[in-house]
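Participant:
2 protein chains.
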Amino acid sequence: MARRNATDIASEMRRSIEAGTYRRFERLPPSRKLAESFGVARNTLRDALNQLENEGLLETRPGSGTYVTVQDQNQIPDAVGDSTPLELIDARFALEPHICRLCVLHGRREDFDTMEELCARMEAATNDPVAFSEADTAFHRALASATRNSLLIWLIGQINTVRSLDEWMRMRHLTLDPDIISEYNRQHRQILEALRSREPERAAVMMKEHLETARLSLTRAAET
Amino acid sequence: MARRNATDIASEMRRSIEAGTYRRFERLPPSRKLAESFGVARNTLRDALNQLENEGLLETRPGSGTYVTVQDQNQIPDAVGDSTPLELIDARFALEPHICRLCVLHGRREDFDTMEELCARMEAATNDPVAFSEADTAFHRALASATRNSLLIWLIGQINTVRSLDEWMRMRHLTLDPDIISEYNRQHRQILEALRSREPERAAVMMKEHLETARLSLTRAAET
DNA sequence: CCATATTGGATCAACTTTGGATCAATCAAG
DNA sequence: CTTGATTGATCCAAAGTTGATCCAATATGG
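Protein sequence lines correspond, in order, to chains A and B. Sequential numbering of the first sequence, starting at 1, is according to this note's numbering. Sequential numbering of the second sequence, starting at 225, is according to this note's numbering.
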């Protein structure tokens with residue numbers, strides 16, 4: 001076994017933290033003890049700790065100790081799968097208004113035609129929550145596609161996989177009555193109009209309104 | 225078994241690295257030990273290492289060791305790996321301003337203290353682009369963590385893996401001169417102040433300004 | 001409130017490990 | 001044979017580790 005250097009120790013500890021051996025806000029053993037248990041000099045261990053601190057995994061407070069500042073990744077093995085509908089809405093609230101703005105910049109005629117088509121399909125599905133929901137997902141995906149930004153397209157794709165989850169399915173049937181669907185359809189049309197007339201801010205505002213409606217109907221359903 | 229030559233060894237090691245046996249930033253065993261374990265002379269092994277270094281998979285630091293520089297490609301989704309720096313900025317433009325707003329809502333004292341710490345570290349790294357970049361990534365991750373939204377935390381985590389990609393690393397050195405770093409530091413402070421005083425919109429605006437600066441310095445570097 | 005123990009921070013010179021380089025001897029393939 | 005690569009040995013310079021010591025900040029307990 002070769003003599004281990006600071007980088008090796010750092011790698012080892014990084015894995016420990018990511019594996020959850022040490023959890024967020026927990027204090028590590030004192031550097032002297034740690035050095036001993038790794039069989040390495042305290043200076044070397046301190047170098048390792050500094051590396052991890054620079055990566056933002058640890059925080060050391062002189063006189064007090066060294067603390068873990070990140071959550072271990074296994075705690076969120078599938079963040080997408082475990083996220084709640086409200087978390088999802090917040091994430092969409094972050095992404096989609098700006099996607100609308102980019103859509104105005106990069107969207108082409110055929111993109112808007114696709115969305116038009118999907119709007120029509122949603123309007124024909126006022127009484128069919130499942131069909132509506134499918135078209136709705138496709139609409140928001142089309143919106144992302146029109147940005148021509150592969151990263152955003154992928155992120156929206158990831159987010160949309162949540163919608164096929166059980167809890168989400170149940171929520172959908174609780175929230176999607178014909179009145180709500182009509183309201184959504186009206187908003188989709190407004191968004192599309194704003195995009196077509198190349199008004200980025202208006203499109204973004206409409207999208208926020210749309211998501212706000214979704215959030216409201218969600219919290220209302222949760223209270224029932 | 226025929227006697228293995230340098231190219232054979234290189235192939236074998238290349239496969240090990242791509243399979244993830246050795247992870248990014250991890251140190252390989254010393255060349256003497258490696259040579260022994262491959263049953264080959266150290267000179268031959270060094271030739272193999274040189275081949276891999278020329279391919280950009282490894283980096284050897286005399287007196288220290290040989291380190292893996294590439295990330296296991298299987299770990300990175302294609303969409304994330306293939307995205308350009310400008311796409312990345314657009315994605316951050318979508319996510320981070322709203323993350324700031326949520327941060328005002330859900331952030332706790334200790335979250336802001338962590339960010340404060342990271343600001344201090346970035347300010348100490350005005351002349352060290354690599355150290356600055358690490359702390360910067362950690363700052364934006366801390367911001368996401370403070371939202372307590374596991375989906376957003378995960379999204380930012382995905383986005384941050386992009387930054388460790390090769391093309392990005394090169395860009396970083398082109399863009400991060402001391403003046404730019406100082407400007408970034410000023411903006412980080414402003415964001416943190418706005419968060420502390422619980423002003424969601426001001427924080428979001430500061431973040432937009434920050435990202436706009438980043439976009440500018442990127443396009444400027446691309447023109448050079 | 002203070003005294004004391006414990007914690008991390010910093011420094012230093014001696015030592016060890018690391019990769020870099022070279023070269024004559026040896027081996028394998030054409 | 002001749003050519004090309006591998007071998008094994010040796011020396012080198014760079015970098016890192018060590019172990020010791022002193023310091024400053026914090027925590028603890030009376």
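We put the beta carbon where it would ideally sit given N, CA and C, even for glycine.
Hey, how far is the Cα of Ile-89/A from the Cα of Asn-384/B?
Facilitator: Here the question's residue 89/A lines up with position 89 in the first sequence. Here the question's residue 384/B lines up with position 160 in the second sequence. For Ile-89/A and Asn-384/B, the distance between alpha carbons rounds to 22 Å.
Participant: Is it buried or exposed for Phe-25/A, if we count other Cβ within 10 angstroms and need 16 for buried?
Facilitator: Taking the first residue of the first sequence as 1, we reach residue 25/A at position 25. With fewer than 16 Cβ atoms within 10 Å of its Cβ, Phe-25/A is classed as exposed.
Participant: For Gly-127/A, collect the residues of the same chain with a Cβ closer than 7 Å to its Cβ; drop the 5 residues on either side in sequence, then sort them by chain order.
Facilitator: Indexing the first sequence from 1 puts residue 127/A at position 127. Sequence inspection shows Asn at residue 127/A; the Gly mentioned does not correspond to that position. Answer for Asn-127/A: Pro-178, listed in chain order.
Participant: Can you find at least 3 beta carbon pairs, one from the segment 94 to 114 of chain A and one from the segment 38 to 51 of chain A, that sit closer than 8 Å?
Facilitator: no
Participant: Express the C-alpha separation of Asp-306/B and Gln-295/B in angstroms, rounding to a whole number.
Facilitator: Indexing the second sequence from 1 puts residue 295/B at position 71. Indexing the second sequence from 1 puts residue 306/B at position 82. If I take the Cα positions, the gap works out to 14 Å.
Participant: Going by beta carbon distance, what residues of the same chain come within less than 6 Å of Glu-283/B, once the five residues before and after it are set aside?
Facilitator: Along the second sequence, read from residue 1 onward, the residue named residue 283/B stands at position 59. Residues of the same chain with a CB within less than 6 Å of the CB of Glu-283/B, apart from the 5 flanking positions on each side, are Tyr-291, Thr-293 in chain order.
Participant: On the criterion of 16 or more Cβ atoms from any shown chain inside 10 Å, does Thr-371/B qualify as buried, or is it exposed?
Facilitator: As a first step, residue 371/B is located in the second sequence; it is residue number 147 there, counting from the start. With 16 or more other Cβ atoms within 10 Å, it is buried.
Participant: Between Phe-317/B and chain A, is the shortest Cβ-Cβ distance under 8 Å, so that the two count as touching?
Facilitator: Here residue 317/B refers to the residue found at position 93 when the second sequence is read from its first residue. Yes, contact with chain A.
Participant: Below 6 Å CB to CB, which residues in the same chain sit around Pro-250/A once its five sequence neighbours on both sides are set aside?
Facilitator: Absent from the structure is residue 250/A, since the part of chain A shown begins at 1 and ends at 224.
Participant: Identify whether Tyr-408/B lies in helix, strand or coil by the three-state DSSP scheme.
Facilitator: Taking the first residue of the second sequence as 1, we reach residue 408/B at position 184. Three-state result, Tyr-408/B: helix.
Participant: Tell me which same chain residues have a C-beta within less than 6 Å of the C-beta of Pro-321/B, skipping the five on either side of it?
Facilitator: In the second sequence, the residue the question calls residue 321/B occupies position 97. Closer than 6 Å at the Cβ level, and outside the excluded window around Pro-321/B, lie Ala-428, Met-431, Lys-432.
Participant: From the DSSP output, in three-state form, read off Glu-87/A for me.
Facilitator: Position 87 of the first sequence, counted from the first residue, corresponds to residue 87/A. If DSSP states are grouped into helix, strand and coil, Glu-87/A belongs with the helices.
Participant: Do Gly-289/B and Arg-332/B have their C-beta atoms within less than 8 Å of each other?
Facilitator: As a working note, residue 289/B is residue 65 in the second sequence. As a working note, residue 332/B is residue 108 in the second sequence. In this structure, Arg-332/B does not lie closer than 8 Å to Gly-289/B by Cβ.
Participant: Could you spell out the range, first to last residue, of the beta strand (DSSP E) harbouring Arg-32/A?
Facilitator: Numbered from its first residue, the first sequence carries residue 32/A at position 32. Secondary structure note for Arg-32/A: it is in no beta strand (DSSP E), and the uninterrupted alpha helix (DSSP H) holding it is 31 to 38.
Participant: Roughly how many angstroms lie between the CA atoms of Arg-444/B and Leu-310/B, to the nearest whole one?
Facilitator: If you number the second sequence from 1, residue 444/B lands on position 220. If you number the second sequence from 1, residue 310/B lands on position 86. Cα-Cα distance, rounded: 12 Å.
Participant: For a contact meaning CB atoms closer than 9 Å, what does Thr-7/A contact in chain B?
Facilitator: Stepping through the first sequence from its first residue, residue 7/A is reached at position 7. Those within 9 Å of Thr-7/A in chain B are Phe-249, Glu-250, Arg-251, Ser-288, Gly-289, Tyr-291.
Participant: In the structure shown, what three-state DSSP assignment does Val-70/A receive?
Facilitator: The residue you call residue 70/A lines up with position 70 of the first sequence. For Val-70/A, the three-state secondary structure derived from DSSP is coil.
Participant: Let me see if you follow: with CB-CB separation under 8 Å, is Ile-241/B close to chain A or not?
Facilitator: Here residue 241/B is taken as the residue at index 17 of the second sequence, counted from 1. Not an interface residue.
Participant: Who are the Cβ neighbours of Glu-347/B in its own chain at under 7 Å, not counting the five residues just before and after it?
Facilitator: Translated into positions along the second sequence, residue 347/B becomes position 123. So the qualifying residues of the chain are Asn-409.
Participant: With a threshold of 7 Å on Cβ separation, who are the neighbours of Thr-175/A within its own chain once the five nearest residues in sequence on each side are excluded?
Facilitator: Against the first sequence, residue 175/A aligns to sequence position 175. Closer than 7 Å at Cβ, skipping near neighbours: Ser-217, Leu-218, Ala-221.
Participant: Return yes when the Cβ of Asn-149/A is within less than 8 Å of the Cβ of Ala-315/B, no when it is not.
Facilitator: Stepping through the second sequence from its first residue, residue 315/B is reached at position 91. Stepping through the first sequence from its first residue, residue 149/A is reached at position 149. In contact: Ala-315/B and Asn-149/A (Cβ atoms closer than 8 Å).
Participant: Just to confirm, are Leu-379/B and Leu-319/B a CB contact at a threshold of 8 Å?
Facilitator: Translated into positions along the second sequence, residue 379/B becomes position 155. Translated into positions along the second sequence, residue 319/B becomes position 95. Closer than 8 Å, so yes.
Participant: Closer than 7 Å between beta carbons: that is the criterion. Which residues of the segment 32 to 60 of chain A meet it against chain B?
Facilitator: Asn-54, Glu-55, Gly-56, Glu-59
Participant: With a CB to CB cut of under 7 Å and the five nearest residues on each side skipped, what residues in its chain are close to Arg-238/B?
Facilitator: Within the second sequence, residue 238/B is the residue found at index 14, counting from 1. Leu-276, Leu-281, listed in sequence order.
Participant: Can you check whether the CB of Arg-189/A is closer than 8 Å to the CB of Cys-119/A?
Facilitator: In the first sequence, the residue the question calls residue 119/A occupies position 119. In the first sequence, the residue the question calls residue 189/A occupies position 189. Going by C-beta atoms, Cys-119/A is nearer than 8 Å to Arg-189/A.
Participant: Can you find the residues in the same chain that come closer than 7 Å, C-beta to C-beta, to Leu-45/A, ignoring five residues on each side of it along the sequence?
Facilitator: Residue mapping note: residue 45/A aligns to position 45 of the first sequence, counting from 1. Excluding positions up to five away in sequence, the list reads Ile-9, Ser-31, Leu-34, Ala-35, Phe-38.
Participant: By the three-class DSSP mapping on this structure, what secondary structure does Thr-437/B have?
Facilitator: Walking along the second sequence from the start, residue 437/B turns up at place 213. Note: Thr-437/B maps to helix in three-state DSSP.
Participant: Name, please, each residue of chain B whose Cβ falls closer than 8 Å to the Cβ of Asn-160/A.
Facilitator: One-based indexing of the first sequence puts residue 160/A at position 160. Under the 8 Å cutoff, chain B gives no residues; its nearest Cβ is about 12 Å from Asn-160/A.
Participant: Using a Cβ-Cβ cutoff of less than 8 Å, which residues in the same chain neighbour Ser-240/B once the five nearest sequence positions on both sides are dropped?
Facilitator: The count along the second sequence starts at 1 and reaches residue 240/B at position 16. Hits under 8 Å: Tyr-246.
Participant: Give the list of continuous alpha helix (DSSP H) stretches no shorter than 4 residues that lie fully inside the segment 324 to 368 of chain B.
Facilitator: 333 to 347
Participant: Determine, using beta carbons only, whether Leu-367/B and Ile-405/B come nearer to each other than 8 Å.
Facilitator: Against the second sequence, residue 367/B aligns to sequence position 143. Against the second sequence, residue 405/B aligns to sequence position 181. Contact: no.
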